[in-house]
Amino acid sequence: MKILQFETVAAQGELTITKLTKAPNNIGIRVEPVDGKLIVGHSETGHHHVVDAECATLTRIDQFTALLDVIKMTRLDHLRECDTHPSIALQPGMYEFRTGREFDPFAETTRASQD
Amino acid sequence: MFDIEKYKAACVFPGEIDDSAVKIALAGYCAALKIEREIVRIERGWKLSDYPDLQRTIVEIARAARDARDARDALAASDARAARAALAARAARAALAARAASDALAARDARDARDALAARAALAARAARDARAALAARDASDALAARDASDASAARDARAARDARDARDARDALAARDALAASDARDASAALHRFAKWCIARQYWWDWDLSLISEINAGAHQIKENRVIAWSDPIYDAFLSGASFLFWTDKTLYWVAKPDIKTEIVNGSRRLHCEDGPAADFDSEPLYFWHGNLVPKHWIEAKNDLTADEIFKEDNAEIRRAGCEIIGWDRVLSGIDAKIVDTDGDPMIGTLYRGQIPGAVECGFLKVLCGTGREFVIPVSPEINTAIKAQAWVQNVSFEKWMRPEVRG
Chain H
6 MKILQFETVA
16 AQGELTITKL
26 TKAPNNIGIR
36 VEPVDGKLIV
46 GHSETGHHHV
56 VDAECATLTR
66 IDQFTALLDV
76 IKMTRLDHLR
86 ECDTHPSIAL
96 QPGMYEFRTG
106 REFDPFAETT
116 RASQD
Chain D
2 MFDIEKYKAA
12 CVFPGEIDDS
22 AVKIALAGYC
32 AALKIEREIV
42 RIERGWKLSD
52 YPDLQRTIVE
62 IARAARDARD
72 ARDALAASDA
82 RAARAALAAR
92 AARAALAARA
102 ASDALAARDA
112 RDARDALAAR
122 AALAARAARD
132 ARAALAARDA
142 SDALAARDAS
152 DASAARDARA
162 ARDARDARDA
172 RDALAARDAL
182 AASDARDASA
192 ALHRFAKWCI
202 ARQYWWDWDL
212 SLISEINAGA
222 HQIKENRVIA
232 WSDPIYDAFL
242 SGASFLFWTD
252 KTLYWVAKPD
262 IKTEIVNGSR
272 RLHCEDGPAA
282 DFDSEPLYFW
292 HGNLVPKHWI
302 EAKNDLTADE
312 IFKEDNAEIR
322 RAGCEIIGWD
332 RVLSGIDAKI
342 VDTDGDPMIG
352 TLYRGQIPGA
362 VECGFLKVLC
372 GTGREFVIPV
382 SPEINTAIKA
392 QAWVQNVSFE
402 KWMRPEVRG
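Encoded structure:
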């Protein structure tokens with residue numbers, strides 16, 4: 006399986022991952038794992054973007070932003086059998102995950118991208 | 002006695018459908034459970050009025066859903082006057098949001114009601130009593146692997162996809178509520194029929210997918226669990242004879258025949274797909290898939306009439322992409338007379354178009370290649386004027402702070 010490597014910024018589907026040099030403190034709400042996985046990017050069709058809960062802790066700041074504290078090297082996986090986004094290696098450190106947004110020309114507002 | 006080769010053959014759908022053999026097997030199943038049910042096949046082109054017991058059950062589910070809504074609404078009655086005033090002052094956008102919230106609640110209520118009745122049916126069938134032994138038997142089964150790459154598995158995926166679409170569920174749930182109140186009998190009947198199809202498509206492990214329950218039979222024989230063998234043998238026979246899944250009411254055990262399944266192989270995996278018809282052609286409800294995504298029937302059956310503005314009303318990006326692929330990206334963008342504003346050299350940054358879908362405001366459309374090699378069109382804010390700025394806008398960061406990803410998974 007191909008696992009992509011990066012230094013600072015990577016993207017997986019609608020998610021952008023940025024490695025932070027400075028970790029923000031005491032913000033957001035801790036996210037509990039589901040079946041041993043932390044859902045970094047939620048998909049209404051079940052094709053979540055996940056990391057192993059034993060390797061990291063996840064804090065959600067708002068609808069679009071979350072912080073992932075990686076303690077042990079792991080990877081970001083996309084749970085889909087076909088048209089799967091390649092996995093991305095995550096070295097220990099703090100990462101910001103941003104979920105993409107899109108414009109709704111009918112409601113004239115923005116919303117989180119859904120997949 | 003379970004035979005793995007026969008089971009494998011039966012997992013290739015539709016195979017031969019032997020009505021009378023299924024009926025005998027399911028009667029044997031009921032007898033093993035010491036219950037009485039009439040065994041009835043749901044036929045292609047069915048009408049709810051042809052199945053009075055099913056109709057009664059569906060109406061009961063719809064009423065339970067409606068009552069749950071009404072109870073909750075009553076709790077909020079004291080705030081009704083203020084809410085009404087606030088609602089009156091709001092713009093259409095707020096009304097749309099309220100409608101979406103209402104839809105979501107309606108879906109939950111309907112789902113709860115349907116699940117409650119389904120659970121009652123399961124208890125009546127006494128299957129729940131044997132759940133632990135049955136699961137152990139299934140886990141011990143050699144049949145698990147046999148089903149994984151089969152039409153049976155794809156058919157189950159199709160029902161799961163049908164069940165997963167909360168947004169469509171919500172529309173159906175609302176339709177059912179409306180049906181109960183409708184004065185026009187024909188409209189009420191159509192809405193209730195849609196709701197019935199939604200109810201029947203429900204998925205559980207014990208939700209009567211016979212390929213799955215037959216695995217329990219295989220395991221039961223392996224571990225010699227006679228209590229489970231007694232009721233799972235006839236289920237296995239029903240599966241071999243052409244039954245796909247069951248739906249219980251208090252008086253009737255309905256069964257649906259195995260559907261014709263159309264799939265494509267992508268990277269070694271099967272996914273549901275058919276460009277000119279249903280990919281999972283259940284008699285209860287033909288389901289249409291485009292490269293693994295469940296799409297509305299008319300998107301496939303009447304694709305020449307499908308318009309860009311209908312596609313862009315779809316909330317889900319995957320389904321929207323499917324719609325755009327069905328009619329073609331050029332047709333989508335030319336259909337709204339979109340003009341190229343900016344093209345980046347990197348296809349993963351993309352090309353920015355500007356256009357206006359009828360009934361919506363003019364905005365940008367970023368046509369971009371994703372890490373899986375597929376093209377997407379993402380609507381972006383009207384003030385964006387370059388593809389790279391559109392990328393920053395999509396990520397909700399200022400252009401000055403935006404950094405090009407080193408890799409795209």
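Line by line, the protein sequences give chains H and D. Heads up: the first sequence is residues 6 to 120, going by my numbering. Heads up: the second sequence is residues 2 to 410, going by my numbering. Beta carbons: idealized from backbone N, C-alpha and C, even for Gly.
From the DSSP output, which residues share a beta bridge with residue i?
{"i": "T21/H", "result": "A16/H, R103/H"}
{"i": "Y255/D", "result": "V41/D, F248/D"}
{"i": "G356/D", "result": "C364/D"}
{"i": "L34/D", "result": "DSSP lists no partner for L34/D."}
{"i": "T264/D", "result": "L273/D"}
{"i": "W291/D", "result": "N294/D"}
{"i": "D64/H", "result": "It should be pointed out that residue 64/H corresponds to Thr in this sequence rather than to Asp. T64/H is bridged to R35/H, L72/H."}
{"i": "F108/H", "result": "T115/H"}
{"i": "V60/D", "result": "Answer by DSSP bridge pairing: none, since V60/D is not bridged."}
{"i": "G98/H", "result": "V75/H"}
{"i": "V369/D", "result": "F377/D"}
{"i": "R409/D", "result": "A16/H"}
Find the nearest neighbour of residue i within the set the options, judged by alpha-carbon distance.
{"i": "W256/D", "options": "G16/D, I236/D, E315/D", "result": "I236/D"}
{"i": "I341/D", "options": "I350/D, F366/D, G360/D, I328/D", "result": "F366/D"}
{"i": "W199/D", "options": "K263/D, D251/D, S285/D", "result": "S285/D"}
{"i": "K24/D", "options": "Y354/D, K7/D, F240/D, P297/D", "result": "F240/D"}
{"i": "D436/D", "options": "Y354/D, D331/D, I337/D, W394/D", "result": "This structure does not reach residue 436/D, given that chain D is present from 2 up to 410, and the question cannot be answered."}
{"i": "K9/D", "options": "A33/D, S215/D, I59/D, A258/D", "result": "S215/D"}
{"i": "A61/H", "options": "H52/H, V45/H, Q68/H, F69/H", "result": "V45/H"}
{"i": "G372/D", "options": "T89/H, Q68/H, F102/H, Q96/H", "result": "T89/H"}
{"i": "F313/D", "options": "A71/H, P110/H, R106/H", "result": "P110/H"}
{"i": "S233/D", "options": "K263/D, Y289/D, K390/D, A26/D", "result": "A26/D"}
{"i": "R38/D", "options": "R45/D, W47/D, Y30/D", "result": "Y30/D"}
{"i": "A309/D", "options": "W291/D, R57/D, V333/D", "result": "V333/D"}
{"i": "M78/H", "options": "M99/H, R85/H, T64/H, P91/H", "result": "M99/H"}
{"i": "K263/D", "options": "A155/D, G324/D, A231/D, D238/D", "result": "A155/D"}
{"i": "I1/D", "options": "D19/D, Y289/D, E44/D, D238/D", "result": "This structure cannot settle anything about residue 1/D, because the visible part of chain D is limited to 2 through 410."}
{"i": "H83/H", "options": "D74/H, G33/H, I76/H, I93/H", "result": "I93/H"}
{"i": "V369/D", "options": "E363/D, Q392/D, P359/D, N386/D", "result": "Q392/D"}
{"i": "T21/H", "options": "A28/H, T13/H, K27/H", "result": "T13/H"}
{"i": "G33/H", "options": "E59/H, R65/H, V56/H", "result": "R65/H"}
{"i": "T58/D", "options": "Q223/D, L273/D, L254/D, A244/D", "result": "L254/D"}
{"i": "Q17/H", "options": "A28/H, V75/H, E107/H, R80/H", "result": "R80/H"}
Along chain C, which residues have their Cβ under 7 angstroms away from the Cβ of residue i?
{"i": "A156/D", "result": "Here the protein chains are H and D, and chain C is not one of them."}
Would you give the residue range spanned by the beta strand (DSSP E) that residue i belongs to?
{"i": "S285/D", "result": "S285/D -> no beta strand (DSSP E), and no H or E assigned at all."}
{"i": "R80/H", "result": "79-83"}
{"i": "F377/D", "result": "376-381"}
{"i": "D343/D", "result": "340-344"}
{"i": "V75/H", "result": "70-75"}
{"i": "N294/D", "result": "294-296"}
{"i": "R116/H", "result": "114-117"}
The alpha helix (DSSP H) spanning residue i covers which residue range?
{"i": "I93/H", "result": "Segment 92-95 is the beta strand (DSSP E) holding I93/H; no alpha helix (DSSP H) there."}
{"i": "G336/D", "result": "330-336"}
{"i": "I217/D", "result": "211-223"}
{"i": "D310/D", "result": "309-314"}
{"i": "K7/D", "result": "5-11"}
{"i": "K402/D", "result": "Neither: K402/D is in no alpha helix (DSSP H) and is coded neither H nor E."}
- Query: Which ranges does the alpha helix (DSSP H) cover as unbroken runs of at least 4 residues, wholly within the region 33-61 of chain H, from first to last along the chain?
  - Reply: none
- Message: If we require 4 or more residues per run, which alpha helix (DSSP H) segments fall completely within the region 225-249 of chain D?
- Response: 227-241
- Message: Give me the subset of the region 88-106 of chain H whose CB atoms are less than 8 angstroms from a CB atom of chain D, sorted by chain position.
- Response: D88, T89, H90, P91, S92, I93, R103, G105, R106
- What residues from the region 40-59 of chain D come within 9 angstroms of chain H, judged by C-beta to C-beta, listed N to C? none
- Closer than 8 angstroms, Cβ to Cβ, to anything on chain H: give me those residues from the region 346-364 of chain D, in chain order. Q357, I358, G360, A361, V362, E363, C364
- Near-chain H residues of the region 375-389 of chain D - C-beta to any C-beta below 7 angstroms: R375, I379, P380, V381, S382
- According to a CB-to-CB cut-off of less than 8 angstroms, which residues of the region 302-336 of chain D neighbour chain H? F313, K314, D316, N317, A318, E319
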